[in-house]
Structures are given as C-alpha cells and as structure tokens.
Amino acid sequence: MVGPVSKVLNRVIVAQFYQRNAGLFLFLFILLFGVVHGEEVLYYHLTLIYAMLDSNLFMAVIFIVWLLYGLKCAQFTTKSLSEPENSFINVIACLSKREQLLALINLQWLLFLPVLIYTLFIISVGIYTKCFGQVLLVIAYNFLLCGLSAVFYRYKIQHPDSGKSLIRFPFLTIKIPKNYPAFFITYLLNELKIIFIVTKFFSATVLIAFLNGFFINVNDSRIPFLGFLLGIIAHCMLVFEFRKFEETRLNFSRNLPISRGKRFLSMAMVYTVVLLPEIIILITSIPTIISAINFILLAVFGISTLLFLHCLLYWPIRDTEVFLKYVFGTFSILFFLILYKAYVAIISMLLLISLLIFFLRYYRYETISTDE
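Numbering (my numbering), first residue to last: 154 to 525.
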C-alpha cells in the first residue's frame, strides 16, 4: 500500500515543490558549480568539505543551513496538505502508523534529495580522511531531520487545522514602524527569513574568502570587487521576491502622491539595509585590505547592482528562469568591466540605466500587466 501512496505524494507534493522552486535550484547550481572554473570545482568543494569536517563551528553553520532547507520543505508540504484540492491526501490517516511513516519518510527523502546527494560526497571524503565521528554525526543529523519531518507531517494529517502552524513563535514576528522602505524590511524579516539567511551566509562567506585571499592571494583592488559581485548576485532571488511583493501587496502605493524620485531613493534605502552585513564586513577590512575610497565604491556598487536588477523587473519578466538569464548576463558584463577596473563607470552606468528604467516603466508596467 505504501507504493501507491508514495506515487500520489510524489505527484502532488514532490513534483510541485521542485517545479515551483526550479529557479532557486538553478541559481544554487550556478553558484555552486558555475562560478568556479571547471578544473577548480573539485578543489573548491573538497576545501569546503574539509573545512566542515575539521571545524565544529563550520559544521554547525552547515547544519543550520540544512535545517532551514528542511523548514522550507516542511512549510511547503504542510501548505500543500492544507489546500482544499489536496484534501484527499488525508485518507492516508486510514493506513497503519508504520505505513504512514514509511510513505512520509520517503516523501521527505525526495524533498531533501539535494542535501542528501551532497551528504554522500561529505561521507565519502569523511571516510577517506578517517573522520568517522563527523561522518556518523552527519548521517544521524540527516536521519533526524527526515524522521522528525515525517512525524510532523503525520501529525498534520491526523489533526488537519486549515493550514495553521503547529507551533507559533510570536517573538519571531518583527514589527517595524511603517514607512515605504519598512514594508520591504518587515516582509523580508517575517516572510523571507530562510532565503535571507541562506543568501547572507553565502554572500558573507564568499566576501570574506576573497578579502582574505582564499581563492586568489594577490593584492589587487579587483579581487574584493569580484568577490562582492558574487555575493551581490546571490541576492537575485530576494530582489525577485521584493518586486513580486511590490507588485501584489504594495500595488496601492502607486496612487499615493509620492514622486518617482522619492520612490527610487526609498528602494536605494531598502537595499542599503539589506547589504548592511556586507558593508560591516567591508568596514572591518579598512585600511588593511581595502582603502576607504574602495570601500565607498564597493558599497555604492552593491546598492547600484541590486537597484539595477530590481528595475529590470519593471519589464514583464515574471518567470524566475528568464530573470536568471538576465542576472547571468549582468554578471558576465560586470565581471569583465571589473577586470578593467572601470569601477566609477560601472556604478554610473548601473545608476543611470536604473533611473531611466524606473522613471519610464514604473507606471507603465501596471498597464501592461492589466492588459494581459
């Protein structure tokens, strides 16, 4: 009986999960395997795995990232279970406890597959380097996450509650006095926690690595810019979600008597707040690694790039895969311009194009979306 049930769960939940998050997985794949030259990919990942096996702190950080991904899977699954069109799934409650858990564990393994595949590489390296304690810990942690998720799903099926959370944490809901930029920051901290934390972890790690010569140990101003560019591009999914939030929940704001100049400055303020962790990292690198002038250029470069990506979405780009193509094209152009040290030209170009798109498309986008 478990086989047919698993097929239904795979079609209703697993397939939908990967379909709806295809853009995110494609982006993560590019970050993990596309930003490093082919011959250096293996060395890059081996270095990460060795660091994880050697450092308890780094392993704890990886475990937190896996936990966040597990929470994302659980959030999607419970939401799917609570949708009226999927109410037939609740017939699983008629199965025995063992059959329910087997089907739900199989479901969670498939949702957790990207982590499990990478875990196999970690286990292989751990066995080769005789880090048996760390290997057992990694295996136990993955089993624990999948097992607890299955138990949680079974509880939700046994006690359907119209999609309400099993446990609520009011202290995690952050309230900020409302002005236009604060709407975005509140949305980020309350509804995009997982994406925000994962993005910041990757961005900060890459930036620190480049600043300290982890990849290229050369005293060259281009190195921090290249590292920061990678970190900035990692924010593209946040930008996409911000633009979607602006178009859906803040659509009323277009009728408010606010000039486009003030709106543009408000978005610049939003992305300045978003980049505060990276800006703090850059400040700590003055003057030993970067100069004060380069710090200013880096900060403005980061804000300008995010503004540019945001303004691109005032064109009718609703698909994440299409947006990622634009992101990759932007990354390629900026990468080569950085090699020529055209920092001021890059910033000027990004700001000018962003302003033009914003002023020309801000109100016209609504007309296009309405006609469609």
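We treat Cβ as the ideally placed atom computed from N, Cα and C, and that holds for glycine.
- Ala387 is positioned such that its CB atom lies closer than 7 Å to that of Ser356.
- Shown here, Leu459 sits in a helix according to DSSP, grouped into three states.
- Inclusion of Cys464 and Phe512 in the CB contact set at 7 Å is not warranted, their separation being larger than that value.
- Put simply, the backbone Cα of Glu252 is about 28 Å away from that of Tyr271.
- With fewer than 16 other CB atoms across the displayed protein chains lying within 10 angstroms of its CB, Phe296 is exposed.
- Residue state for Cys284 is assigned as coil, using DSSP reduced to three classes.
- The beta carbon of Ile280 sits closer than 8 Å to those of Val288, all from its chain and outside the five residues before and after it, given in chain order.
- In the DSSP annotation of this structure, the continuous segment of the alpha helix (DSSP H) that includes Tyr197 starts and ends at Val194 to Asp207.
- In this structure, the CA atom of Ile446 is about 21 Å from the CA atom of Phe489.
- By the neighbour-count criterion, in which 16 or more other beta carbons inside 10 Å mark a residue as buried, Gln261 falls on the buried side.
- The beta-carbon separation of Arg375 and Ile506, rounded to 22 Å, does not stay under the 8 Å limit for a contact.
- Within the model, the alpha-carbon separation for Gln172 versus Ser302 is close to 21 Å.
- Taking Val359 as the centre and dropping the five residues before and after it, the same chain places the C-beta of Gly380, Leu383, Gly384 and Ala387 closer than 8 Å to its C-beta, in chain order.
- By the neighbour-count definition (other C-beta atoms within 10 Å, threshold 16), Arg396 is a buried residue.
- For Val165, there is no enclosing alpha helix (DSSP H), since its DSSP letter is neither H nor E.
- Between the beta-carbon of Leu391 and that of Ile348 there is about 6 Å, and that keeps the pair under the 8 Å contact cut.
- The segment 491–502 and the segment 401–419 do not touch, with fewer than 3 CB-CB distances between them shorter than 8 Å.
- The Cβ atoms of Ile310 and Asn243 lie closer than 7 Å to each other.
- Along the segment 358–408, the alpha helix (DSSP H) occurs as fully enclosed runs of 4 or more residues at 375–386 and 389–401, listed in sequence order.
- In this structure Phe170 is buried. Its beta-carbon is surrounded by 16 or more other beta-carbon atoms within 10 angstroms.
- Excluding residues up to 5 positions away in sequence, Ile347, Ile350 and Val351 lie with their Cβ nearer than 7 Å to the Cβ of Leu221 in the same chain.
- When secondary structure is reduced to three states using DSSP, Leu248 falls in the coil class, being assigned neither helix nor strand.
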